[in-house]
Amino acid sequence: MRNALAGVERAIFWTLAFAAFAAAAAGLAARAVDRVAVGYEQARTAYAIVRVEAPDGPEGMAAAEQALASAPHVTSAAPMTAGRAAALLGELGGGVPPEDMPAPRLIEIELAPASPQTDVSGDIVAALAQGGVTAEVIAAPDEGAGGGLAARVRAAALWGSILFGLMMGVIVWLAARGLAARRREMVTVMCDLGATRGQTAGRIADEAAVLGLYAGAAGGALAGAAAVIALLLAIPGASLETLPAMILPIDLAPVLAAPLGAAIAAGAGARAAAGYFHGQAARLG
Amino acid sequence: MARPNPSPDLDLFERGVLVRLSGVDAGYGGSTVLMDINFEARAGEVALITGPAAAGKTTLTHVLRLALPPRSGRAVILGGDIRRARPRTIADIKRRVGYVAENPVFIEQWSTFDNVAMPLRLLRHKPRDYADDVQELVEFVGLGGAADLAAEKLSGAERRRAAIARALAAKPDLILADDPTAGMSPADGRRIVRLLAEMRRVGAGVVIASQDDSLAECAPMWVWRIDRGRLSAPEQTAEANDAEAFE
Numbered sequence: 115m116r117n118a119l120a121g122v123e124r125a126i127f128w129t130l131a132f133a134a135f136a137a138a139a140a141g142l143a144a145r146a147v148d149r150v151a152v153g154y155e156q157a158r159t160a161y162a163i164v165r166v167e168a169p170d171g172p173e174g175m176a177a178a179e180q181a182l183a184s185a186p187h188v189t190s191a192a193p194m195t196a197g198r199a200a201a202l203l204g205e206l207g208g209g210v211p212p213e214d215m216p217a218p219r220l221i222e223i224e225l226a227p228a229s230p231q232t233d234v235s236g237d238i239v240a241a242l243a244q245g246g247v248t249a250e251v252i253a254a255p256d257e258g259a260g261g262g263l264a265a266r267v268r269a270a271a272l273w274g275s276i277l278f279g280l281m282m283g284v285i286v287w288l289a290a291r292g293l294a295a296r297r298r299e300m301v302t303v304m305c306d307l308g309a310t311r312g313q314t315a316g317r318i319a320d321e322a323a324v325l326g327l328y329a330g331a332a333g334g335a336l337a338g339a340a341a342v343i344a345l346l347l348a349i350p351g352a353s354l355e356t357l358p359a360m361i362l363p364i365d366l367a368p369v370l371a372a373p374l375g376a377a378i379a380a381g382a383g384a385r386a387a388a389g390y391f392h393g394q395a396a397r398l399g
Numbered sequence: 166m167a168r169p170n171p172s173p174d175l176d177l178f179e180r181g182v183l184v185r186l187s188g189v190d191a192g193y194g195g196s197t198v199l200m201d202i203n204f205e206a207r208a209g210e211v212a213l214i215t216g217p218a219a220a221g222k223t224t225l226t227h228v229l230r231l232a233l234p235p236r237s238g239r240a241v242i243l244g245g246d247i248r249r250a251r252p253r254t255i256a257d258i259k260r261r262v263g264y265v266a267e268n269p270v271f272i273e274q275w276s277t278f279d280n281v282a283m284p285l286r287l288l289r290h291k292p293r294d295y296a297d298d299v300q301e302l303v304e305f306v307g308l309g310g311a312a313d314l315a316a317e318k319l320s321g322a323e324r325r326r327a328a329i330a331r332a333l334a335a336k337p338d339l340i341l342a343d344d345p346t347a348g349m350s351p352a353d354g355r356r357i358v359r360l361l362a363e364m365r366r367v368g369a370g371v372v373i374a375s376q377d378d379s380l381a382e383c384a385p386m387w388v389w390r391i392d393r394g395r396l397s398a399p400e401q402t403a404e405a406n407d408a409e410a411f412e
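For the protein sequence lines, the chains are A and B, in the order given.
Those letters in the first sequence? Residues 115 to 399, per my numbering, in order.
Those letters in the second sequence? Residues 166 to 412, per my numbering, in order.
What follows is the structure, encoded as structure tokens:
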């Protein structure tokens, strides 16, 4: 890659790097949206409240607590205190002092992940009934209350980032044609010396692909660095020590795909342009 | 001495006929530049195509270097009928043609050595196999001191010499030179033509297109005169292999 980063090639390099940066950043943003959506969905489906209707009194609460200990989907269960109930009401705009709050006959439970087809409420009510408790699940996973939103958001983020990445690929493809135009003299020389269209285009495409690889690596690395800074600013308590534990291998995919994608797009763009120039040089008239 | 009109033949190349054009028309866009061209070049001989400016010399050179397909007639170059040949065959034939353009194109940032070695690189020869030969060739054309110089730093005359070295690098069967002495002093021009004509001794055919018909005095050659796209029958300046008569 003789003089590949000199003059116009430097401008092409940074054009490719910017496009790779934008594509990688879009991919990382999509991963962030995906993880937030997954977290939201897990939080939404992992919590329920059971209201104990019978038997009355503390016995009913104790029986319910005991039945819930072995109920399906339940990972933990704890009776709601008056203070906790007052705090929840306070969040909703109600201002009831804890001392004025009657003891609620509610049990908060945390749920294990279950498939959307599972009737979690029905299973819990059945388990309580087996323990002699009549109860109602008043907050539980429900497709009607925001169900499916996370999946739609995740799909939108994925396809949006793919579309954006393709657009950046087109920019890289076009910029690589500029490199081929810069190598027009080489195309002419090779054509005059009897190089086939494939040989000529391949030579130029190889150079463009290497340039794309380096530019994509630079763009991807910059996007990764920007993502780290964004995480440190956005997540309270996050530090360079804690970040590795938070990052999944798949989160790195956009950064790793940037050099590969840029190399492929640049190589393809340069190959197409060089082939066209070769055709022009090969046949006058 | 006039040469008989060429006749069609399929194994021309094996009989030493490198080029045979029969009734060829060629041109660009809507204009026809060459009309009813009959031309022949043989191995071990030199042909000079001479005529006034815009007579069609360069266009004929383009036909001979397979860059301009004939519109009609029959063109057999290095054993291939170029009107019927596939692109790969055209490329194969081109590799056996050494071409010195009127304004040679180089890869400007590359050294003279690398530019001259380009045909060998295309043939996938290894640098260690061709380095000595290329260096010798560069020195042979008088550019020994400029071998490492980037092509963009060469003067006009040096570029022409470099183009000749590049044209000879792959030991082509046919050498074409389009106005190789343009912009040179008469002495330099004659030296260049003699240098090209020397290639006939290794069995190559040499075709030189030039406005300067006095170049015919440099070496024994066939002289073809072209005017307004029509080529007349050739004349021989001396016995084709009697080089000593000119030296």
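No residue lacks a Cβ here, since even glycine has one placed at the ideal position from N, Cα and C.
Since the structure is predicted, the reported quantities are computational estimates derived from the model, not experimental observations.
Nearest C-alpha to Glu179 (chain B) among B:Asn203, B:Glu382, B:Ala208, B:Val265: B:Ala208. At least 8 angstroms separates the beta-carbon of Ala144 (chain A) from that of Ala372 (chain A).
Remark: C-beta atoms of Lys259 (chain B) and Ala374 (chain B) do not approach each other more closely than 8 angstroms.
The residues Ala395, in chain order, have a CB closer than 7 angstroms to that of Thr302 (chain A) in the same chain once the five nearest residues on each side in sequence are set aside. Residue nearest to Gly381 (chain A) within the set A:Trp287, A:Pro186, A:Ala265, A:Glu173 is A:Trp287 (criterion: CA-CA distance). In this structure, DSSP gives Met364 (chain B) a helical state, which the three-state scheme calls helix.
A check of alpha carbon separations from Leu341 (chain B) across B:Tyr193, B:Asp201, B:Leu243, B:His290 identifies B:Leu243 as the nearest.
Around the CB of Tyr193 (chain B), fewer than 16 other CB atoms lie within 10 Å, so the residue is classed as exposed.
The shortest CA-to-CA distance from Met282 (chain A) to any of A:Ile126, A:Ala344, A:Ala134 is the one to A:Ala134. Here Arg297 (chain A) is buried: its Cβ has 16 or more other Cβ atoms, across all protein chains shown, within 10 Å. Counting C-beta pairs with one atom in each stretch, the stretch 268–281 of chain B and the stretch 316–332 of chain A have fewer than three that are closer than 8 angstroms, which means they do not touch. Put simply, the CB of Met349 (chain B) is far from chain A, with every gap to its CB atoms at 8 angstroms or more. An exposed status is given to Thr189 (chain A), since fewer than 16 other beta-carbon atoms sit within 10 Å of its beta-carbon. Taking a contact to require three or more Cβ pairs closer than 8 angstroms, the stretch 200–216 of chain B and the stretch 371–391 of chain B qualify as touching.
The C-beta separation of Ser275 (chain A) from Ala379 (chain A) comes to about 16 angstroms, leaving the pair out of contact by the 8 angstroms criterion.
Within the same chain, Cβ atoms closer than 6 angstroms to the Cβ of Leu314 (chain B) are found at Thr277, the five residues on either side in sequence being excluded. Within its own chain, the residues whose Cβ lies closer than 6 angstroms to the Cβ of Leu203 (chain A), once the five positions on either side in sequence are excluded, are Val210, listed in chain order. Setting aside the 5 residues that flank it on each side, Asp148 (chain A) is surrounded in the same chain by Arg268, Ala271, each with a C-beta closer than 6 angstroms to its C-beta; the list follows chain order. A Cβ-Cβ distance of about 13 angstroms is found for the pair Ala376 (chain A) and Ala319 (chain A), leaving them out of contact under the 8 angstroms criterion. In this structure, the CA atom of Ala200 (chain A) is about 25 angstroms from the CA atom of Ser235 (chain A). If you draw a 10 Å sphere on the C-beta of Gly181 (chain B), you find fewer than 16 other C-beta atoms in it, and that means exposed. For a Cβ distance threshold of 9 angstroms, nothing in chain A lies close to Phe204 (chain B): the least Cβ distance comes to about 18 angstroms.
Residues of the stretch 254–271 of chain B with a C-beta atom less than 8 angstroms from some C-beta of chain A are Ile255, Ala256, Asp257, Ile258, Lys259, Arg260, Arg261, Val262, Tyr264, Ala266, Val270, Phe271, listed in chain order.
Annotation for Asp365 (chain A): Arg145 place their beta carbon closer than 6 angstroms to its own, counting only its chain and skipping 5 residues before and after. At least 8 angstroms separates the CB of Asp320 (chain A) from every CB of chain B. In the three-state reduction of the DSSP assignment, Ala226 (chain A) falls in the coil class, being assigned neither a helical nor a strand state. Listed along chain A, the residues sitting closer than 7 angstroms to Met283 (chain B) by beta-carbon distance are Val303, Leu307.
At a beta-carbon threshold of 9 angstroms, the residues of chain B lying near Gln313 (chain A) are Ala256, Leu287, ordered along the chain. Taking every protein chain shown into account, the CB of Met360 (chain A) has fewer than 16 other CB atoms within 10 angstroms, so this residue is exposed. With respect to the C-alpha of Trp128 (chain A), the residue from A:Gly351, A:Ala289, A:Ala386 having the closest C-alpha is A:Ala289.
Secondary structure note for Arg185 (chain B): its beta strand (DSSP E) is the uninterrupted segment 182–193. For Glu167 (chain A), the uninterrupted beta strand (DSSP E) segment begins and ends at 161–168.
For Leu336 (chain A), the enclosing alpha helix (DSSP H) stretches over residues 311–348. Listed along the chain, the chain A residues whose CB falls inside 8 angstroms of the CB of Glu273 (chain B) are Glu299. The Cβ atoms of Ala330 (chain B) and Val303 (chain B) sit closer than 8 angstroms to each other.
Within chain A, the residues Cys305, Asp306, Ala395, Ala396, Arg397, Leu398, Gly399 have their CB atoms less than 9 angstroms from the CB of Ala232 (chain B), given in chain order.
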